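The sequence shown begins at 34 in our numbering and counts up by one.
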Amino acid sequence: MSIQNIKTLTDNSTFDIELRKIADKVINDERINDKDALTLYEKAELGFLGILANYIREKKHGDKTYFNKNFHIEPTNICIYSCKFCSYVRKIGQEGAWEYSIEDILKTVESYKGTGVTEVHIVGGVHPKRDLYYYGEMMQKIKKIIPNIHIKAFTAVELEYMIKKAKLSLEDGLSKLKEYGLDSIPGGGAEIFHPDIRKEICDEKASTDMWLTIHETAHKVGIPSNATILYGHVENYEHRVHHMSKLRELQDKTKGFKTYIPLKFRKENNSMSHIGEVTSIEDLKNFAVSRIYLDNFPHLKAYWPSIGRNIAQLSLSFGVDDIDGTIDDSTKIYSMAGAEDQNPKMTTNDLVKLIKDVKRIPIERDTLYNVINTF
Ligand code: V47
Ligand code: SF4
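This is the structure we're talking about:
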């Protein structure tokens with residue numbers, strides 16, 4: 034069904050008046066408010082959401098669907114915090130803990146030399162003994178091996194700790210990291226901003242205000258970033274809208290966010306397993322409402338290792354225009370939490386096929402969405 038048909042459908046007097054008003058706003062390029070977003074979550078059926086979200090997606094990007102050639106480095110899973118949803122955290126000396134040395138990491142980087150990767154995504158636990166200077170040295174050495182690689186690294190949670198440990202202000206700490214080679218900041222650590230839920234699932238780590246301030250300061254010193262939400266656990270729709278409202282507000286101010294990445298809670302091997310997981314319908318619905326609400330975010334990403342390839346492919350009709358990258362089996366966060374892909378890895382051909390199979394145009398991008406190759 035096209036957007037014209039949506040008009041015909043909603044003009045029908047039996048159609049829900051609130052949903053009709055929201056559809057009119059979308060068609061007229063007007064921003065929806067928090068109450069509208071809640072109404073979409075609570076009342077709208079999936080097909081209706083898909084049409085509105087797809088209308089926005091195609092207006093912004095046409096059929097273009099972005100991916101990149103990337104790999105992850107997770108220097109350590111040792112962390113001073115114990116977020117309840119985290120399946121991979123370990124304490125020093127605990128079975129299953131890892132801490133790679135800079136030499137180990139450089140060996141990994143060396144193995145990607147000449148392969149065409151454009152991005153390395155580096156995140157891990159907040160290790161009590163590792164600091165800003167350690168990670169600075171690591172980044173400098175990485176760039177000696179692959180000078181043009183984009184380093185997207187450290188969640189706001191890791192950044193808060195390392196900058197505090199270095200006794201620097203946020204602005205000075207981030208500027209220093211930029212000098213060392215930090216090019217952008219990934220969206221992790223956001224989880225859910227509402228204080229009631231944040232307290233329940235990750236009480237100890239960086240607060241909502243701190244997460245937002247770190248991203249705001251990063252944007253100020255010229256470091257772009259992403260934003261995530263961890264959804265599908267104990268939060269309700271109001272909490273999700275509250276989360277997005279904080280991001281939309283900051284983006285109005287700085288325009289420094291590149292992409293929004295909803296991350297579905299995966300339940301294996303963590304202390305929230307009993308909660309279970311939401312359905313794939315809920316995943317698609319959440320992508321669609323995110324696309325409709327976050328009008329100032331250029332991109333919406335479905336991170337395929339977290340939801341599986343099939344839902345990532347379907348999401349391309351629900352507002353998503355980016356499916357992250359090749360990954361090359363280099364992240365453990367989702368395999369340890371029970372995601373479908375136990376060894377997440379896709380070749381460029383796999384990604385191109387996945388995108389072309391749903392009649393979209395695959396675009397290899399760099400981290401900042403400059404086009405590298407159109408397929
Ligand atoms: O902040 C941890 C999430 C995040 C679980 O910016 C879990 O391009 C679900 O932020 N179930 C880190 N999620 C990953 C992340 C990310 C991933 C891909 C791309 C980008 C980007 C950022 O992983 C954490 C947390 O929200 N996480 N455990 C779990 N059991
Ligand atoms: Fe540590 Fe991050 Fe896991 Fe929380 S989610 S316990 S901060 S590694």
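Every residue, glycine too, gets a C-beta built ideally from N, C-alpha and C. For clarity, every value in this text was computed on a predicted model and none was experimentally measured.
Pair within 8 Å by beta-carbon distance, residue i and residue j
i: phenylalanine 298; j: phenylalanine 320; result: no
i: leucine 79; j: isoleucine 356; result: no
i: lysine 174; j: leucine 139; result: yes
i: leucine 42; j: threonine 72; result: no
i: glutamate 170; j: isoleucine 113; result: no
i: glycine 371; j: glutamate 271; result: no
i: tyrosine 326; j: isoleucine 65; result: yes
i: valine 353; j: lysine 378; result: no
i: glutamate 143; j: isoleucine 111; result: no
i: glycine 221; j: threonine 188; result: yes
i: isoleucine 308; j: glutamate 268; result: no
i: isoleucine 394; j: aspartate 96; result: yes
i: isoleucine 218; j: cysteine 116; result: no
i: arginine 398; j: isoleucine 405; result: yes
i: histidine 105; j: histidine 154; result: yes
i: aspartate 67; j: serine 278; result: yes
i: lysine 198; j: aspartate 164; result: yes
i: asparagine 259; j: lysine 286; result: no
i: isoleucine 396; j: threonine 380; result: no
i: asparagine 103; j: isoleucine 360; result: yes
i: lysine 92; j: isoleucine 60; result: no
Whole-angstrom distance between residue j and residue i, CA atom to CA atom
i: serine 306; j: aspartate 242; result: 28 Å
i: arginine 90; j: arginine 342; result: 20 Å
i: isoleucine 178; j: tyrosine 168; result: 16 Å
i: tyrosine 213; j: asparagine 181; result: 14 Å
i: alanine 130; j: threonine 109; result: 8 Å
i: lysine 386; j: threonine 400; result: 21 Å
i: alanine 56; j: histidine 276; result: 22 Å
i: leucine 283; j: histidine 248; result: 9 Å
i: alanine 251; j: alanine 223; result: 15 Å
i: aspartate 62; j: glycine 147; result: 44 Å
i: lysine 392; j: methionine 369; result: 33 Å
i: lysine 253; j: methionine 195; result: 19 Å
i: isoleucine 184; j: valine 150; result: 11 Å
i: methionine 172; j: alanine 186; result: 9 Å
i: arginine 123; j: alanine 77; result: 41 Å
i: glycine 158; j: serine 120; result: 12 Å
i: leucine 210; j: glutamate 204; result: 10 Å
i: glutamine 346; j: leucine 317; result: 11 Å
i: serine 348; j: isoleucine 84; result: 12 Å
i: alanine 88; j: isoleucine 36; result: Looking at the sequence shown, residue 88 is not alanine but tyrosine. Approximately 7 Å between the Cα atoms of the pair.
i: isoleucine 344; j: aspartate 390; result: 13 Å
i: leucine 82; j: serine 240; result: 32 Å
i: lysine 162; j: lysine 58; result: 51 Å
i: serine 202; j: glutamate 75; result: 42 Å
i: aspartate 137; j: lysine 54; result: 56 Å
i: histidine 227; j: arginine 324; result: 20 Å
i: isoleucine 125; j: histidine 94; result: 46 Å
Whole-angstrom C-beta distance between residue j and residue i, which should lie under 8 Å
i: tyrosine 99; j: tyrosine 336; result: 13 Å between Cβ atoms; not a contact.
i: leucine 207; j: isoleucine 256; result: 6 Å
i: phenylalanine 118; j: leucine 280; result: Going by Cβ atoms, the distance from phenylalanine 118 to leucine 280 rounds to 20 Å, so no, they are not a contact pair.
i: aspartate 362; j: asparagine 376; result: 5 Å
i: glycine 289; j: glutamate 152; result: In fact, because the Cβ distance is near 18 Å, the residues do not count as touching under 8 Å.
i: glutamate 128; j: lysine 365; result: About 15 Å separates the two Cβ atoms, so there is no contact after all.
i: valine 274; j: alanine 70; result: 5 Å
i: glycine 265; j: valine 322; result: The pair is not a contact, with the Cβ atoms about 13 Å apart (cut-off 8 Å).
i: valine 190; j: lysine 232; result: Actually they do not touch by this definition, with Cβ atoms about 15 Å apart.
i: aspartate 374; j: proline 338; result: 6 Å
Per DSSP, cross-strand counterpart(s) of residue i
i: isoleucine 394; result: Lys97
i: valine 311; result: In the DSSP output, where bridge partners are listed per residue, valine 311 has none listed.
i: lysine 334; result: Asp355
i: threonine 407; result: Ile396
i: histidine 183; result: Glu152
i: serine 217; result: Lys185
Closer than 8 Å to chain C by CB, residue i
i: histidine 307; result: Absent from the structure is chain C; it holds one protein chain and no more.
Contact test: residue i Cβ vs ligand 4 heavy atom, cutoff 7 Å
i: valine 190; result: Ligands displayed in this structure: ligand 1 and ligand 2; ligand 4 is not among them.
Give, in chain order, every unbroken run of the alpha helix (DSSP H) that is at least 4 residues long and sits entirely within the segment 89-150. 135-144
Uninterrupted alpha helix (DSSP H) stretches inside the segment 228-264 (no shorter than 4 residues): 228-235, 241-253
Report the start-end ranges of each beta strand (DSSP E) in the segment 269-301 that is 3 residues or longer and not cut off at the edges. 290-297
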